[in-house]
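These notes concern the structure reproduced below.
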Amino acid sequence: MFRPSFALLAAALLNVTRAQNETKAEPATHFLPPGYCCTVLTISDISERVTYPGQSAYEASLASYFDGKSRLTPDCIVQPKTAEEVSTAVKVLVSASLLKPCEFAVRSGGHTPIPGSNNVDNGVTIDLLYMNGTSYNVDTEVASISPAARWGSVYQTLEPLGRMVAGGRGSTVGVGGYLLGGGISHYAPRVGLSCDNVLNFQVVLADGRILDANKNTNADLFTALKGGSSNFGIVTRYDMETFQSEDLWAGIVSYPAWTADQHFKALVNFGLKPNRDPNAALIIFQGYSTASPTDVVRAAFDYTKPLARPDAYREFFAITNNISDTTKIQPMSSVAAEFTSVTTNRVQFRTLSFKIDLATLQETARLYKILLLELQTKASGQWRISCLHQVWSTLYTANSTARGGNVLGMERYTENFIMYQSYLSWSETKDDELFINLGLALTDGIQKFAASKGTAVEYLYLNYADKDQDPLSAYGADKVKFMKTVAREYDPLSIYQTLLPGGFKISNV
Ligand SMILES: Cc1cc2nc3c(=O)[nH]c(=O)nc-3n(C[C@H](O)[C@H](O)[C@H](O)COP(=O)(O)OP(=O)(O)OC[C@H]3O[C@@H](n4cnc5c(N)ncnc54)[C@H](O)[C@@H]3O)c2cc1C
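With mature numbering (1 follows the signal peptide of the UniProt record, and there is no 0) applied, the sequence shown covers -19 to -1, 1 to 490.
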């Protein structure tokens, strides 16, 4: 079969466009058949990587999205196996766009529950599925991780080698999106955010060039990718700093809902400690599930040394009446397996931040109760709610600065704060509006209370943000300006803003 090279194809398409411009003719896009962008891919060098509706690879890709709402229907899905093939896909789509825009989406683990962020209707989804390996260099102590690797597989590769990285807490979460949004691991108080543990990104730019970005080469791009999401290129490899692997003392202790106030008081004292033990990570959840219908408070303890019941959590240990306790000394791979979330099909994440303040924490609990009562009367099928309270620590900033910085704007904060996440999950499509609106009312209510009390904090964590939230602006005006400069430098035609419209875009800020 005749397969035009990228250069030939681009030249031919350029000539057509030039001719149209010279004769002032209207672009003849109406002659192009539906699925034109996929047709162009199927006559390119990566034709074998293209899969269509009805084919098993296409259907398996859609079925593997974490959120059912995100299972959009692209005209085709392309599944490259190497950075060179990603580059070919980008070049073909960009050059074909001279005749008709070829919108595309990029997907690694497919865990972000925002429809359109990692998939596209009537366009092309670049699914990095096959780029999922992890390798380790003994001499440099660097782990090279491909974007569609899941954190569980990364830990299973590194643990037998005695090494570990600061990655996602749940085993199925993808590496690609997680690292570009920041990444909070159990190791965050000790080694900083996961993105700050990346030493080098291999990136495919909009013109198809494959670049390295690190502290010495393309250093501005290196910084921008740490929090800047999909605004600059497609990352095809993450080289991460490793450290010695040790067992953790970790697990989840569940209590009746009426202990919430005791947990919040302990959280305030834990969170406000300026020099707290950097091995001690913690999440306080409020939660309910139709699968096990008890309103509970959970404390997820993750101590990154093999020391049971460390003193750092003493105030929490004083809370009695727990219902269950899974804490034990165990390797990171088994901690990640316990943290693996199951979806009941439809998912919404929302986030906000506020000062470490007991009254604001209590307000989150009051509004959670209202949400729960509404859902208990109105929702059908299977559903669950988790509301997470995590301490965002100034320890992250110190670690970031020491490693060259990121774009999250963390230097603005001299005190720890609470990063809040609401996580709703439900089975019935007909309940989409109910859950989405109640989730919004919950975070809006907390936001209003925090604003009135003077406890609101501007920061929004991108990896937990919902579509209508604006985490990039919340990094601060100087970071936005910097990201715009970097985007102009590496993508002067704004391809990753226009042809890749999903996700949080710097052009919308
Ligand atoms: C069950 C669950 C547990 C989670 N646990 C944690 C946690 O412990 N800590 C935490 O910080 N976050 C956590 N998250 C949030 C998680 O970090 C984000 O959802 C993250 O985006 C997931 O990465 P992914 O590769 O699956 O992203 P995807 O959904 O595939 O992509 C997310 C975004 O990143 C872009 N993108 C993905 N890969 C690339 C790439 N290679 N190059 C350029 N752009 C790319 C996509 O286009 C999309 O806009 C969790 C999420 C879930 C659902």
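C-beta: ideal position from N, C-alpha, C; glycine also.
### Query
Whose C-alpha, out of K207, L229, T332, is nearest the C-alpha of G164?
K207
### Task
Excluding the 5 residues preceding and the 5 following D108 in the sequence, name in chain order all residues of the same chain whose CB lies nearer than 6 Å to its CB.
S42, I58, Q60, R88
#### Entry: Contact under 7 Å by Cβ, A187 with I476
yes
#### Entry: For H370, three-class secondary structure by DSSP
strand
#### Entry: Opening and closing residue of the alpha helix (DSSP H) in which C18 lies
17 to 23
### Task
Please check the pair A231 and T308, which I expect to be a contact at CB under 8 Å, by giving their CB distance rounded to whole angstroms.
7 Å
### Task
Count the CB pairs spanning the stretch 166 to 176 and the stretch 378 to 392 that are closer than 8 Å, and state whether there are at least three.
yes
### Message
So for D48, helix, strand or coil by DSSP?
### Response
coil
### Task
Put I399 into one of helix, strand or coil per three-state DSSP.
strand
### Task
Give every residue of the same chain whose Cβ lies closer than 7 Å to the Cβ of G386, excluding the five residues on either side of it in the sequence, and list them in chain order.
T204
### Message
Tell me whether R331, by its Cβ, gets closer than 6 Å to a heavy atom of ligand 1.
### Response
no
### Query
Should S89 be listed as close to ligand 1, given that the test is whether its C-beta is under 6 Å from any heavy atom?
yes
### Message
Just to confirm the assignment, what range does the alpha helix (DSSP H) spanning S134 have?
### Response
132 to 139
### Distance cut-off 6 Å: S367 Cβ against heavy atoms of ligand 1
no
### Task
Look up residue 493 in the DSSP assignment and say whether it is helix, strand or coil.
Residue 493 cannot be examined here, being either before or after the span of the chain that is shown, -19 to 490.
### Message
Any heavy atom of ligand 1 closer than 6 Å to the beta-carbon of P128?
### Response
yes
#### Entry: Contiguous beta strand (DSSP E) assignments of at least 3 residues, all confined to the stretch 390 to 470
398 to 407
### Query
In the DSSP assignment, what residue or residues form a beta bridge with N195?
N181
### Task
At 3 residues or longer, and completely inside the stretch 210 to 273: list those beta strand (DSSP E) runs for me, N to C.
215 to 222, 229 to 237, 261 to 270
### Task
With hydrogens ignored, establish whether the beta-carbon of R171 is closer than 6 Å to any heavy atom of ligand 1.
no
### Message
Counting only C-beta atoms, is D193 closer than 7 Å to chain C at any point?
### Response
The question asks about chain C, but that chain is absent: this structure has only one protein chain.
### Query
What's the call for A(-9), buried or exposed, on a 16-neighbour Cβ count within 10 Å?
Low confidence applies here, because A(-9) scores a pLDDT of 42, under 50, leaving its location unreliable and the question unanswered by this model.
### Query
What separation, rounded to the nearest whole angstrom, lies between the Cα atoms of K359 and L480?
40 Å
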